[in-house]
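Chains as they are written, first to last, in the UniProt record's numbering: chain A, 1 to 462; chain B, 1 to 462.
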């Protein structure tokens with residue numbers, strides 16, 4: 001693949017400007033107030049795919065937000081790469097912790113990004129990483145170096161659990177037929193330590209509601225005499241972990257994949273410094289399941305975390321009230337072999353069973369997805385490995401991610417092909433957090449590495 | 001005391017209209033957004049006291065909201081009654097549970113209020129009950145039947161713990177000098193079961209903050225590996241009660257007044273139906289400290305309730321985040337002899353001590369007050385008892401209330417006089433809750449009963 005470096009150098013400023021324009025649109029799929037922004041983003045993606053040389057670019061309607069599809073078929077006998085990404089973003093709150101408005105992108109240098117990083121919601125997850133593929137496509141088509149067929153499928157509901165993508169995939173198996181799926185929605189270990197994600201955690205996300213008395217009560221007249229939904233919810237949540245931080249839901253661990261000593265020893269070799277980790281988060285100690293390291297806890301072990309809790313008076317000052325209701329959003333990260341629907345049911349049954357007399361409990365499943373593991377001896381993995389080696393000068397490290405891309409296991413099931421996760425973000429890029437950013441170095445390295453994946457995948461497929 | 005009934009009959013509509021106008025002003029002391037409304041309410045109270053015949057009515061400035069003072073001194077040799085009340089109200093949220101806007105008063109009949117009740121925030125607590133005294137004063141002055149001296153002290157910070165009233169009282173001991181203090185800010189057992197509150201619970205109100213990582217984190221990348229402030233806060237709150245619902249804070253019960261078998265037996269005689277109680281709250285069971293009845297749990301026993309909790313993502317949909325911070329507002333109702341400042345310190349010390357590694361905890365005391373008990377053999381209690389007997393045809397039952405009026409114990413300490421709590425509201429009037437209301441029967445009965453208290457107190461003081 002020739003002159004990819006010079007092409008990037010020549011068009012660098014435009015590549016940055018185009019991404020910045022995309023980041024200005026608050027495409028928050030979780031909040032219906034931003035509906036028009038999400039739809040506008042889909043339109044812009046369509047235009048950018050056309051400009052990058054895709055044919056038959058279309059906005060495919062779903063029951064929710066549309067999926068943008070585009071393709072370039074140059075020869076039916078050549079392999080086909082299906083690129084998946086998403087154009088929606090996480091809600092930006094808490095807004096007061098952002099140093100610049102989440103949808104007014106700014107470029108700032110940081111210790112880990114000496115060449116500068118773009119600060120904006122979605123910069124890394126996933127607009128920035130998705131757009132690397134659009135620009136890599138542009139390079140390959142404009143320089144006539146596209147070695148195989150390409151299909152793009154960019155959705156707008158990933159941050160709310162892709163409720164409609166599954167249906168779309170099931171109904172369009174022929175259209176989406178491919179030899180490998182390529183996704184950049186994960187991270188790499190460090191700017192100088194490329195890595196390929198070989199495992200993802202599954203997810204079960206639920207919302208719980210605890211109802212006590214039929215109205216808010218005066219805590220003086222009723223305090224101590226009726227079940228307080230907030231106290232009760234706290235007690236119920238607390239009981240979901242034992243003193244070793246094992247999850248107490250009966251059957252929760254039954255299908256958990258136990259890694260061998262060898263596999264765990266291999267994992268332990270990945271560069272990791274606990275002191276730096278604590279320093280970066282400003283915590284005096286890590287916390288988690290007894291018997292596992294930090295890297296194991298956030299990758300090969302399942303978790304249960306409260307993502308949000310609310311009830312009673314949360315305004316300024318004081319109000320002496322016993323709330324009628326208390327709520328929590330709870331998510332469980334799952335590991336390969338744990339079935340998310342089964343786990344959701346186990347949670348529901350258990351949570352309802354531990355409700356004390358005096359309250360009623362509702363568990364509302366939000367969404368979920370299965371975990372995933374990809375073998376490192378596949379053609380796809382090998383092609384990605386060679387591509388990284390060319391651009392970073394070293395062989396990438398295979399790593400398990402604690403994150404979830406529920407759709408990946410569905411792809412395998414429905415499209416019968418493996419997914420290669422070429423992530424260029426860093427854990428410190430603060431995705432899902434205030435001040436999310438994406439390094440310019442990482443962005444351009446991605447655009448440089450992706451075409452090489454196409455090249456090697458085509459060669460190795462012969 | 002002649003023709004009080006006929007006077008009320010004649011002016012009933014005006015008495016209702018004047019109260020309704022007062023209830024239209026959202027005097028929410030807890031929320032600074034309503035500052036001007038609180039101040040306007042003070043002005044209106046001043047005018048109403050003047051119209052009722054008070055002299056030297058003034059708006060006394062404090063560091064917070066002003067105290068409205070007014071008096072009528074007819075003879076230095078006659079006893080003096082000091083009337084205390086408050087013109088501020090609780091925040092009305094949750095607004096969506098109100099059947100009519102909280103500051104647009106409406107009159108509706110209910111099962112327990114066949115003559116109708118005024119629905120509005122503050123209708124019962126305390127604008128309605130405070131205004132009974134203003135109208136009773138009007139009757140006594142207009143009909144030349146005022147038997148003694150009267151002083152009014154109406155404050156605007158009761159719902160936020162009266163932070164400035166204590167200073168005002170300390171600095172104005174001569175001005176506030178009195179023989180008995182009269183307050184209507186409590187309830188009665190039933191429309192046909194008058195009662196006088198002889199005990200109040202103390203209060204300690206705190207806000208806690210649990211901080212984990214220095215920013216919100218992606219629950220996939222960090223879940224299971226760092227302390228989640230919401231999970232931790234839930235665990236800490238849960239640990240504040242043991243399996244018998246005893247509070248676990250060391251030293252918490254050391255000074256709790258233990259009632260004798262006889263006293264508890266006497267209490268148990270007060271009319272109470274557990275099934276009706278559960279039905280009214282729509283709960284299948286009561287809940288509370290083992291070894292005590294419902295009426296004991298909410299009156300003679302101390303409590304710890306979470307009044308509000310928040311953290312993480314509480315918006316629409318789902319967000320897979322580990323929050324940096326989680327918060328709770330916690331209040332403890334205290335019984336006589338428990339010192340609120342000591343209890344606040346015990347809470348702070350204990351709560352900070354149970355914080356696990358990986359988080360930092362802040363405890364911010366909001367406000368508090370001491371509990372109170374008044375003897376039933378005092379002249380004040382006897383005068384009130386006779387007044388109720390005249391208007392209700394039966395002797396009122398002495399009862400302990402679970403609520404708190406922190407200022408009462410301070411009055412005794414600073415002004416050396418006892419407080420008589422003549423409450424005309426009902427527990428079902430939903431004070432501090434959506435759809436707060438006050439029965440027209442109760443309102444008018446209060447106006448009818450109060451002048452008789454003045455009469456009997458003056459007679460018994462001779």
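Note that beta-carbon positions come from the ideal geometry of N, C-alpha and C, so glycine has one too. If you're wondering where the values come from, they're calculated on a predicted model, not measured in any experiment.
{"Check": "Answer with yes or no whether the minimum CB distance from residue 128 of chain A to chain B is below 8 angstroms.", "Outcome": "no"}
{"Check": "Ignoring anything shorter than 4 residues or poking outside the region 288-369 of chain B, list the alpha helix (DSSP H) runs there in chain order.", "Outcome": "294-297, 340-353"}
{"Check": "Which residues of chain B have a Cβ atom closer than 8 angstroms to the Cβ of residue 289 of chain A, listed in chain order?", "Outcome": "224"}
{"Check": "Taking the alpha-carbon of residue 131 of chain A as reference, which of A:344, A:443, A:452 has the nearest alpha-carbon?", "Outcome": "A:443"}
{"Check": "Apart from the five residues just before and just after residue 204 of chain B, which ones in its own chain have a Cβ nearer than 6 angstroms to its Cβ?", "Outcome": "332, 340, 343, 344, 368"}
{"Check": "Spatial neighbours of residue 45 of chain A within its chain, please: CB distance less than 6 angstroms, with the 5 preceding and 5 following residues excluded, ordered by chain position.", "Outcome": "68, 87, 154"}
{"Check": "In chain order, what residues of the same chain lie with their CB nearer than 6 angstroms to the CB of residue 217 of chain A, ignoring the 5 residues before and after it?", "Outcome": "322"}
{"Check": "Compute the Euclidean distance between the alpha carbons of residue 363 of chain A and residue 206 of chain A, then round it to the nearest angstrom.", "Outcome": "7 angstroms"}
{"Check": "Is there at least one Cβ from chain B nearer than 8 angstroms to residue 303 of chain A's Cβ?", "Outcome": "yes"}
{"Check": "Taking residue 248 of chain B as the query, report the chain A residues whose CB atoms sit under 7 angstroms from its CB, ordered along the chain.", "Outcome": "Those do not exist, as residue 248 of chain B stays about 13 angstroms from chain A at its closest Cβ, beyond 7 angstroms."}
{"Check": "If I follow the unbroken alpha helix (DSSP H) through residue 37 of chain A, where does it start and stop?", "Outcome": "35-51"}
{"Check": "When the cut-off is 8 angstroms and only beta carbons count, does residue 316 of chain B lie next to chain A?", "Outcome": "yes"}
{"Check": "Exposed or buried, what is residue 93 of chain A when buried is set at 16 or more other beta-carbons lying within 10 Å of its beta-carbon?", "Outcome": "buried"}
{"Check": "Note down, in chain order, each residue of its chain lying with its Cβ closer than 8 angstroms to the Cβ of residue 437 of chain A, except the 5 sequence neighbours on either side.", "Outcome": "108, 110, 113, 117, 118, 119, 120, 123, 124, 429, 430"}
{"Check": "Using a Cβ-Cβ cut-off of 8 angstroms (strictly less than) and excluding sequence neighbours within five positions of residue 56 of chain A, which residues of its own chain qualify?", "Outcome": "69, 70, 71"}
{"Check": "Name the chain A residues whose beta carbon is nearer than 9 angstroms to that of residue 175 of chain B?", "Outcome": "Neighbours of residue 175 of chain B on chain A: none; closest Cβ ~29 angstroms, over 9 angstroms."}
{"Check": "Using beta carbons (cut-off 8 angstroms, strictly below), is residue 320 of chain B in contact with chain A?", "Outcome": "yes"}
{"Check": "Please give the ranges of any beta strand (DSSP E) in the region 426-461 of chain B, keeping only runs that are unbroken, at least 3 residues long and fully inside the region.", "Outcome": "437-439"}
{"Check": "Using the C-alpha atoms, what's the distance from residue 319 of chain B back to residue 189 of chain A?", "Outcome": "24 angstroms"}
{"Check": "Kindly identify the DSSP beta-bridge partner or partners of residue 108 of chain A.", "Outcome": "A:117"}
{"Check": "Which residues in the same chain as residue 230 of chain A place their Cβ atom closer than 7 angstroms to its Cβ, once the five residues preceding and following it in sequence are excluded?", "Outcome": "311, 312, 323, 326"}
{"Check": "With 8 angstroms as the threshold, decide whether the Cβ of residue 329 of chain B is near any Cβ in chain A.", "Outcome": "yes"}
{"Check": "Suppose you measure from the CA of residue 250 of chain B to the CA of residue 334 of chain B; what does that come to, to the nearest Å?", "Outcome": "15 angstroms"}
{"Check": "Could you tell me whether the Cβ atoms of residue 83 of chain A and residue 182 of chain A are closer together than 8 angstroms?", "Outcome": "yes"}
{"Check": "Helix, strand or coil for residue 465 of chain B, going by three-state DSSP, please let me know.", "Outcome": "An answer regarding residue 465 of chain B cannot be provided, because it is not within the stretch 1 to 462 covered by chain B."}
{"Check": "Quick one: using the 10 Å Cβ neighbour count with 16 as the cut-off for buried, is residue 14 of chain A buried or exposed?", "Outcome": "exposed"}
{"Check": "According to a CB-to-CB cut-off of less than 9 angstroms, which residues of the region 351-370 of chain A neighbour chain B?", "Outcome": "356, 357, 358, 359, 360, 366, 367"}
{"Check": "Please report how far the alpha carbon of residue 19 of chain A lies from the alpha carbon of residue 127 of chain A, in whole angstroms.", "Outcome": "8 angstroms"}
{"Check": "Would the region 19-39 of chain B count as touching the region 404-415 of chain B if we require 3 or more Cβ pairs under 8 angstroms?", "Outcome": "no"}
{"Check": "Please classify residue 21 of chain A as buried or exposed, where buried requires at least 16 neighbouring CB atoms within 10 angstroms.", "Outcome": "exposed"}
{"Check": "Hey, residue 158 of chain A and residue 30 of chain A are a contact pair by Cβ (cut 8 angstroms); roughly how many whole angstroms apart?", "Outcome": "No, residue 158 of chain A and residue 30 of chain A are not in contact; Cβ-Cβ is about 11 angstroms, not under 8 angstroms."}
{"Check": "For residue 300 of chain B, which residues in the same chain have their Cβ closer than 7 angstroms to its Cβ, ignoring the five residues on either side in sequence?", "Outcome": "259, 335, 400"}
{"Check": "Bridge partners of residue 218 of chain A, per DSSP?", "Outcome": "A:321"}
{"Check": "Scan the region 146-196 of chain A and note each continuous alpha helix (DSSP H) run of 4 residues or more that stays entirely inside, going in chain order.", "Outcome": "165-171"}
{"Check": "Using a beta-carbon distance cut-off of less than 7 angstroms, what residues from the region 431-458 of chain B approach chain A?", "Outcome": "431, 432, 433, 434"}
{"Check": "So residue 85 of chain B is in the beta strand (DSSP E); what residue range does that whole segment cover?", "Outcome": "80-86"}
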